[in-house]
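Report on the following structure.
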Amino acid sequence: MRRSRGGTIVLTTAAVFAALAVFLPVWWVFVSSTRPGNSYVEHMAPLSWLAFVPVGGDLTNYSGLLSGPFLTGLFNSFLVAGLTIAFGLAIAVPAAYALATIDFPGRGIVFTFIVLVAMIPFDAIAIPLSGLFQDWGLSDSYAGLVLPALANGFAIFVLRQFFMGIPSELLEAAEVDGLGRIATLWRIVLPLSKPALIGAGMMLFLSQWQAYLWPLLIGTSPERQLAPIALANLSTLFTVDLGQIFAGSFVLTIIPMILLLFFQKQYTESLSTTGLKG
Amino acid sequence: MRPATATRRTARSTGRAVRRTGPRPSGSGRRRSRTVRTTLVAFAMLSPALLALVLMRVVPMISAVNQSFRHVSLATGDSEFDGLANYTHLLTDPGFHSVLVVTLVFNLVLNPAIVVLSTALALLTAQRLPLVGLWRSMIFVPAAVPGAVVALIWSTALEPDGLVNALLEFVGLPPQPFLTSSSQAAFSIGIMVTWGALGYWMIFVIAGLKDIPDSLYEAAALDGAGWWRRLVSITLPLLKRPMAFVLIACTVGSFLLFAPVQILTKGGPNGSTNLIMFDIYNRTYLLGDVGVGQAEVVILMLLLAVIVAVQFRLLREEKA
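As given, the protein sequences belong to chains A and B, one line each in that order.
Each residue of the first sequence is one higher than the one before, starting from 8 at the first, in the numbering used here.
Each residue of the second sequence is one higher than the one before, starting from 343 at the first, in the numbering used here.
Now the structure itself:
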């Protein structure tokens, strides 16, 4: 749509202002994390430019943070998120492929069931589930941390939508060439499905990376705490420097940011699939 | 609705497959055995996912309902059927009434605000502007920040000598107590949730904007419609579906808000931020009242189901 020059300037100014306003707290956290201990406060009242420009700082907060329980938490968070992506895709891919390409009686019902169950918000049933996990001997274990995230109906949905877009001529040709169903999935379909795999993988990753209630309920011993829990616990200690909280917050923020830098397109496209095409 | 659309599409896209392997009235034995085999293969591929969904989602829901009718003795650990006692306890508890009021008011203000702001940002960043991808990504960044970290970032930003008070002072306004004041704590939590959610929901509205055909705007431009007219007559009516989705999904998310309350306010000051999820956690784990906690889980799920159904209804009818 054509627009006047003045209009473009006004809209661009508004967009820049909105982006800076939203991004400012993250940037402030980063700059403050480079101020040793609680010394960030010196630049706050009155507000000085040093509150937003990372010069003259150091990394003592990071070294202090990484010598404590946060490091274990970070390791656990990566381990749990990695296991969730691997097993989550291993479960979702065949299910989505069956729904997209095999015609069997009851397929509509199965699909409706998956979509309906996916809409049960996990946090609402996290507390009853944690009671069950106790009975099943799964509390305070890595399996306990990973298992609930594997039941991700949206990942199945996103993959199914993508698989359905693959031309059936291709699958038939593979069949004519004597390729079995699994071989077709593995050698033909999956190499074509990178965007959907990345999108579903990101959904699985973020569902774990952002989790708080469940790991709080289930990862109870310090060796199995995830990073957000470790950081939140750290913040309640009176002896802690806020600088370390800034550093931990920034670490937990920059990791998904880097992933999104590479995979934002696939992730947002997968997200929109769940929102609109359903 | 979702399932209906999905089933329709399924039927359409696999017409050929139906012809090839579907059961026929006069199907031969060979064909039937092939159908049985394909069905078995399909269910084998689906079974891990179905098992996970049943065990991790359906079973706990049933367990919550079951436990909500039982009383667990703290002394012996035995549980016995207790009828509606947990529900009557909750529904006659003034503490629970205030939890409901706080939760409902919080949601009534928060969710419409998030829908309006994320739509505005979507409209802005869907324009062709210099470096617009960068601005859009910067707005999206908080969506990647874990909820617990959002809470920690904002608790430091809202401290007496934090970022927000420094900015207020910079423009000549008096400092505010924020999380430590019972009149501002819920508002402060609302701010951090909005900040963390905007970019996420914006993505859905942008996807909806991309689905609006350019030809509509071109026709409107030929008719001499200005940008306001185009916004009101074309864009917003056609955005109703994604906006309805955002409102419903965002309401569900906000009803389940937990991390900022547990980390920052513990429901206080004076119960002003005692949202329902924290109250459930509190009753179940800190007070050890499992039966009452599960009854509250059931009430929360019923409440959500009703609210989602009503929102769905209203937005549907408006469209027709």
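Think of the CB as a built atom: it goes at the ideal place given N, C-alpha and C, for glycine as much as any other residue.
GLY160/A and VAL183/A do not touch by the CB rule: their CB atoms are close to 34 angstroms apart, not below 8 angstroms. The criterion of a C-beta distance shorter than 7 angstroms is not satisfied by VAL639/B and ALA427/B.
Close to chain B, meaning a Cβ-Cβ distance shorter than 9 angstroms, are the following residues of the segment 207-233 of chain A: LEU213, TRP216, GLN217, ALA218, TYR219, LEU220, LEU223 and LEU224. At least one CB atom of chain B sits nearer than 7 angstroms to the CB of THR19/A. In the three-state reduction of the DSSP assignment, SER421/B falls in the strand class.
When C-beta atoms of the segment 432-441 of chain B are compared with those of the segment 611-625 of chain B, three or more pairs fall below 8 angstroms, so the two segments count as touching.
Under a criterion of Cβ atoms nearer than 7 angstroms, the residues of chain B adjacent to VAL36/A are, in order, ILE495. Positions of the alpha helix (DSSP H) runs, each at least 4 residues long and wholly inside the segment 420-502 of chain B, are given as 427-433, 436-467, 474-482 and 489-499 in order along the chain.
Using a Cβ-Cβ distance cut-off of 8 angstroms, the segment 513-524 of chain B and the segment 539-555 of chain B are not in contact, since fewer than three pairs of beta carbons, one from each stretch, lie closer than that value. VAL48/A has no beta-bridge partner at all, per DSSP. Across the segment 243-254 of chain A, CB contacts with chain B closer than 9 angstroms involve THR243, LEU249, ILE252 and PHE253, in sequence order along the chain. ALA234/A and THR577/B have their C-alpha atoms spaced approximately 42 angstroms apart. For TRP537/B, the number of other beta carbons within 10 angstroms of its own is at least 16, and it is reported as buried. Burial state of ALA528/B is buried, judged by a 10 Å Cβ sphere holding 16 or more other Cβ atoms. LEU106/A places its beta carbon less than 7 angstroms from that of PHE118/A. Within the model, the alpha-carbon separation for THR108/A versus GLU176/A is close to 12 angstroms. About 6 angstroms separates the beta carbons of ALA25/A and ILE481/B, which is inside the 8 angstroms limit, making them a contact pair. About 6 angstroms separates the beta carbons of MET643/B and ALA131/A, which is inside the 8 angstroms limit, making them a contact pair. Per DSSP, the unbroken beta strand (DSSP E) holding VAL414/B starts and ends at 412-414. Non-local C-beta neighbours of VAL650/B in its own chain, meaning closer than 8 angstroms and more than five positions away in sequence, comprise ILE590, THR593 and VAL594, ordered along the chain.
Counting C-beta atoms within 10 angstroms of its own C-beta, PRO472/B has fewer than 16 neighbours from the protein chains shown and is therefore classed as exposed. The continuous alpha helix (DSSP H) containing MET210/A extends over residues 201-216. The criterion of a C-beta distance shorter than 7 angstroms is satisfied by GLY255/A and LEU238/A. The C-beta of GLN469/B comes closer than 7 angstroms to at least one C-beta of chain A. The three-state reading of DSSP puts ARG373/B in helix, counting H, G and I together. Under the three-state reduction of DSSP output, SER148/A falls in the coil class, being neither helix nor strand. Annotated as distal: ALA586/B and LEU505/B, with beta-carbon spacing of 7 angstroms or more. The C-beta distance from GLY532/B to VAL451/B rounds to 7 angstroms, short enough to fall under 8 angstroms. With respect to the 7 angstroms criterion, ALA384/B and PHE129/A are not classified as neighbours on the basis of their beta carbons. Per DSSP, ILE262/A is one residue of the alpha helix (DSSP H) stretching across 249-279.
Put simply, the CB of ALA150/A is far from chain B, with every gap to its CB atoms at 7 angstroms or more.
Contact annotation: the segment 485-497 of chain B touches the segment 218-236 of chain A, with at least three C-beta pairs closer than 8 angstroms. DSSP places ASP184/A outside any alpha helix (DSSP H), giving it a letter other than H or E. ASN453/B and ALA180/A have their C-alpha atoms roughly 50 angstroms apart. Pairing LEU152/A with ILE92/A gives a Cβ-Cβ distance that is not under 7 angstroms. Short of 6 angstroms from the beta carbon of LEU223/A, and not among the five residues preceding or following it, lie these beta carbons of its own chain, in chain order: ILE236.
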